[in-house]
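What follows is a single structure, written as structure tokens, with notes after it.
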Amino acid sequence: KDLLVFHAGTKLGEDGTIYTNGGRVLTAVGTGENMAEAQKKVYRNLANIHFEGCHYRKDIALREII
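Adding 209 to a residue's 1-based position in the sequence shown gives its number in our numbering.
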């Protein structure tokens with residue numbers, strides 16, 4: 210509800226597991242009443258997305274908020 214995830218560098222295994230497939234793996238988009246609320250939702254939900262080598266930008270929407 211609060212987070213949209215668009216897959217890019219992923220593949221679906223025969224068992225239904227989602228695997229990374231290289232490159233930019235996914236894009237996470239938060240929704241909210243304003244940019245700051247949407248940013249908080251993205252960071253809160255990123256804790257649920259994990260895989261080896263996972264990293265994400267630490268400045269998501271920062272320019273728009275300040």
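Even for Gly, the Cβ is constructed at its ideal location relative to N, Cα and C.
Legend entry - Cβ-heavy atom distance, T240 to the ligand GTP, below 6 Å: As for the ligand GTP, it is missing from this structure, which has no ligand bound.
Inset, instruction - Please determine if the stretch 248-259 and the stretch 221-230 are in contact, where contact requires at least 3 C-beta pairs separated by less than 8 Å. - result: As far as the Cβ criterion goes, the stretch 248-259 does not touch the stretch 221-230, which means the pair count is below three.
Legend entry - Buried or exposed by the 16-neighbour rule on C-beta atoms within 10 Å, applied to G241: To locate residue 241, count along the sequence shown from 1; it is residue 32. Flag for G241 reads exposed.
Inset, instruction - Below 8 Å CB to CB, which residues in the same chain sit around E273 once its five sequence neighbours on both sides are set aside? - result: Taking the first residue of the sequence shown as position 1, residue 273 is located at position 64. These residues qualify, in order along the chain: M244.
Legend entry - Simplified DSSP assignment, three categories, for Y252: In the sequence shown, the residue the question calls residue 252 occupies position 43. Y252 sits in a helix when the DSSP states are folded into three classes.
Inset, instruction - Identify the continuous alpha helix (DSSP H) that holds I274 and give its terminal residues. - result: As a position in the sequence shown, residue 274 is number 65, starting the count at 1. Taken as a continuous stretch (DSSP letters only), the alpha helix (DSSP H) holding I274 covers L271 to I274.
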